[in-house]
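Participant: Got a structure for you, written out below as structure tokens; questions coming shortly.
Number of protein chains: 2
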Amino acid sequence: MNREDPGFEANHNHDHCMESALSTAKDLCRERKQRLTPIRELVLKLIWENHQPMGAYELLPALAAAGFNSAPPTIYRALEFLQEQGLVHRIASLNAFIGCPHPESPHRSGFLICSGCQRAVELDTAPVHRALSESASELGFKIAHETVEVVGLCADCQSQPGETADA
Amino acid sequence: MNREDPGFEANHNHDHCMESALSTAKDLCRERKQRLTPIRELVLKLIWENHQPMGAYELLPALAAAGFNSAPPTIYRALEFLQEQGLVHRIASLNAFIGCPHPESPHRSGFLICSGCQRAVELDTAPVHRALSESASELGFKIAHETVEVVGLCADCQSQPGETADA
DNA sequence: AATCGCCATGTTATACTATAACAAACCGAA
DNA sequence: TTCGGTTTGTTATAGTATAACATGGCGATT
Chain A
160 MNREDPGFEA NHNHDHCMES ALSTAKDLCR ERKQRLTPIR ELVLKLIWEN
210 HQPMGAYELL PALAAAGFNS APPTIYRALE FLQEQGLVHR IASLNAFIGC
260 PHPESPHRSG FLICSGCQRA VELDTAPVHR ALSESASELG FKIAHETVEV
310 VGLCADCQSQ PGETADA
Chain B
160 MNREDPGFEA NHNHDHCMES ALSTAKDLCR ERKQRLTPIR ELVLKLIWEN
210 HQPMGAYELL PALAAAGFNS APPTIYRALE FLQEQGLVHR IASLNAFIGC
260 PHPESPHRSG FLICSGCQRA VELDTAPVHR ALSESASELG FKIAHETVEV
310 VGLCADCQSQ PGETADA
């Protein structure tokens, strides 16, 4: 997964990212007979405008600007749908949402979040999951869902003066 | 750490848990020349009344009942102090707080959270951290802080009828 | 093409979580 | 005993999320 997620690569072709995410979303919804309505598509597009997790209330002004109702339920409903379809994930420690780079199949997600540039990338959590499973099974605990959110500094931001890896 | 945290053992001597946590807290604060004031001690005690993470607003009524001011800043200040001293941790995915079973030294924390009984136990995150470090270093990412919160069913709750491991 | 029923959206209100800002009281060190 | 910093009181507000009900649109069936 890592190598598919260009979130920390400052000069990747981000237009391509967005277009690809949106077209994948359309395809998936068509396959699943789910309706990617204009509001839902716009919210997904807004979320993909960069690789920084977005708060629900940050998205509202753009909805209003596009002529939609912009009361909170509107955005939360769209986000709920997008989460159900695996198109976005919520990052609990930030109360924020980010686009999923590989929504084709359900998967455990985990994130590296840069406190310098605010970008986040989705991790391959298979190794983390193995470690967690082992600890859990020692206690007879059956895992249903994992929240793995790591804050730190991406490579670029480590080389910026003034940045330290404090959370 | 696991074997020190009896959180999922239904019949452990919980009075002992609480007393031990409170007396450890007093010792640590004395050593560190920090003031474990009556409010702070009460909040810590309330948090230790069971092994279920508590929301800030759940704690307020007990503060009021004990004759203290119970406006939100009171509880958040106490929680802030307790977190700084490592005596409690915040669980981001629940917006809730739980007592730390080994506050003597700073450490990475992770939790197993049972969706059946609402209890949570602190994990030994060393193996998880190794896995995360490896993934992170492949991207040149420098870790500052990890949020690891796993929801599922504890051993006891798996044997209760009607419980499934859904998050 | 009309109808029916469901899904999506609009709208109002409110719950829940957390912090800002300033005043007053307390406590401990000099 | 006084001074200065920490803790607490108090009021207000910011930020996040959902309940509940009304309205409207869309698509499947006829």
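Chains as they are written, first to last, in my numbering: chain A, 160 to 326; chain B, 160 to 326. Ideal Cβ positions, reconstructed from N, Cα and C, are used throughout, including at glycine.
(1) Mind checking which residues open and close the beta strand (DSSP E) that includes E305/A?
(2) So F167/A contacts chain B; which residues on that side make the cut at Cβ distance below 7 Å?
(3) Distance cutoff 9 Å, beta carbons only. Does K301/A sit that close to anything in chain B?
(4) Give me, in chain order, the residues of the same chain whose beta-carbon lies closer than 8 Å to that of N209/B; leave out the 5 immediate sequence neighbours on both sides.
(5) Please list the terminal residues of the continuous alpha helix (DSSP H) segment that includes F227/B.
(6) Quick check: is the beta carbon of P286/A nearer than 9 Å to any beta carbon in chain B?
(7) Compute the beta-carbon to beta-carbon distance between L253/B and V247/B, rounded to the nearest angstrom, for a pair I have assumed lies under 8 Å.
(8) By the 10 Å Cβ neighbour count, where 16 or more other Cβ atoms means buried, how is H288/A classified, buried or exposed?
(9) At 7 Å on the CB atoms, spell out the chain B contacts of E308/A, in chain order.
(10) Tell me the rounded alpha-carbon separation between L187/A and E263/A.
(11) If you draw a straight line from the alpha carbon of P231/B to that of A285/A, how long is it in whole angstroms?
(12) Buried or exposed: which applies to I199/B, given that a residue is buried once 16 or more other Cβ atoms fall within 10 Å of its Cβ?
(13) Within this structure, are the beta carbons of G275/A and C313/A separated by less than 9 Å?
(14) Could you list which residues in chain B have their beta carbon closer than 8 Å to that of S274/A, in chain order?
(15) Taking the alpha-carbon positions, what's the N228/A to V202/B distance?
(16) Around the C-beta of E281/A, are 16 or more other C-beta atoms found within 10 angstroms, so that it is buried, or is it exposed?
(17) Does DSSP classify L271/A as helix, strand or coil?
(18) Excluding the 5 residues preceding and the 5 following C316/B in the sequence, name in chain order all residues of the same chain whose CB lies nearer than 7 Å to its CB.
(19) Taking only beta-carbon atoms, is L241/B less than 9 Å away from chain A?
(20) Please determine, among P265/B, D283/B and H261/B, the residue with the shortest C-alpha to C-alpha distance to L271/B.
(21) Chain B partners of A101/A, CB-CB under 9 Å?
(22) Would you give the residue range spanned by the alpha helix (DSSP H) that E263/B belongs to?
(23) Straight-line CA distance for L332/B to L181/B?
(24) Is it buried or exposed, Q319/B, if we count other Cβ atoms within 10 angstroms and call 16 or more buried?
(25) Can you say whether E297/B is buried or exposed, counting buried as having 16 or more other CB atoms within 10 angstroms of its CB?
(26) Taking only beta-carbon positions, decide if L205/A is within less than 9 Å of chain B.
(27) Once DSSP output is grouped into helix, strand and coil, what is the label at F122/B?
(28) Which complete alpha helix (DSSP H) runs does the region 182-257 of chain A hold, if anything under 4 residues is left out?
Facilitator: Straight from the coordinates:
(1) K301 to L312 is the extent of the beta strand (DSSP E) around E305/A.
(2) Neighbours of F167/A in chain B, taken as residues whose beta carbon is under 7 Å from its own, are L298 in chain order.
(3) True, the Cβ-Cβ gap to chain B drops below 9 Å.
(4) Closer than 8 Å at Cβ, skipping near neighbours: H173 and R278.
(5) Under the DSSP assignment, F227/B falls outside any alpha helix (DSSP H); it carries neither an H nor an E label.
(6) Output row for P286/A: interface = yes.
(7) Between L253/B and V247/B, the beta carbon gap of about 13 Å keeps them out of contact (Cβ cut-off 8 Å).
(8) H288/A sits buried, since 16 or more C-beta atoms from the chains shown fall within 10 Å of its C-beta.
(9) Within chain B, the residues near E308/A are T306.
(10) The straight-line gap from Cα to Cα measures roughly 7 Å.
(11) Computed Cα separation, rounded: 40 Å.
(12) Residue identity differs from the one stated: residue 199/B is Arg in this sequence, not Ile. By the neighbour-count rule (16 or more Cβ atoms within 10 Å), R199/B is buried.
(13) The answer is yes: Cβ separation under 9 Å.
(14) Result: A303.
(15) Straight across, the Cα-Cα distance linking N228/A with V202/B is about 43 Å.
(16) Classification of E281/A: buried, given that the 10 Å Cβ count is 16 or more.
(17) The three-state secondary structure of L271/A, taken from DSSP, is strand.
(18) The residues are C273, G275, C276 and E322.
(19) At least 9 Å separates the CB of L241/B from every CB of chain A.
(20) When only C-alpha atoms are compared, the closest one is D283/B.
(21) There is simply no residue 101/A to check, as chain A begins at 160 and stops at 326 in what is shown.
(22) Going by DSSP, E263/B is part of no alpha helix (DSSP H) at all; its letter is neither H nor E.
(23) This structure leaves residue 332/B out entirely; chain B is present only between 160 and 326.
(24) Result: exposed.
(25) Answer is exposed; the Cβ neighbour count stays below 16.
(26) Answer no: the Cβ-Cβ gap between L205/A and chain B never drops below 9 Å.
(27) Any answer about residue 122/B is impossible in this case: the structure gives chain B only from 160 up to 326.
(28) Counting only runs of 4 or more residues that sit fully inside the region 182-257 of chain A, the alpha helix (DSSP H) segments are 197-206, 215-224 and 231-243, in chain order.
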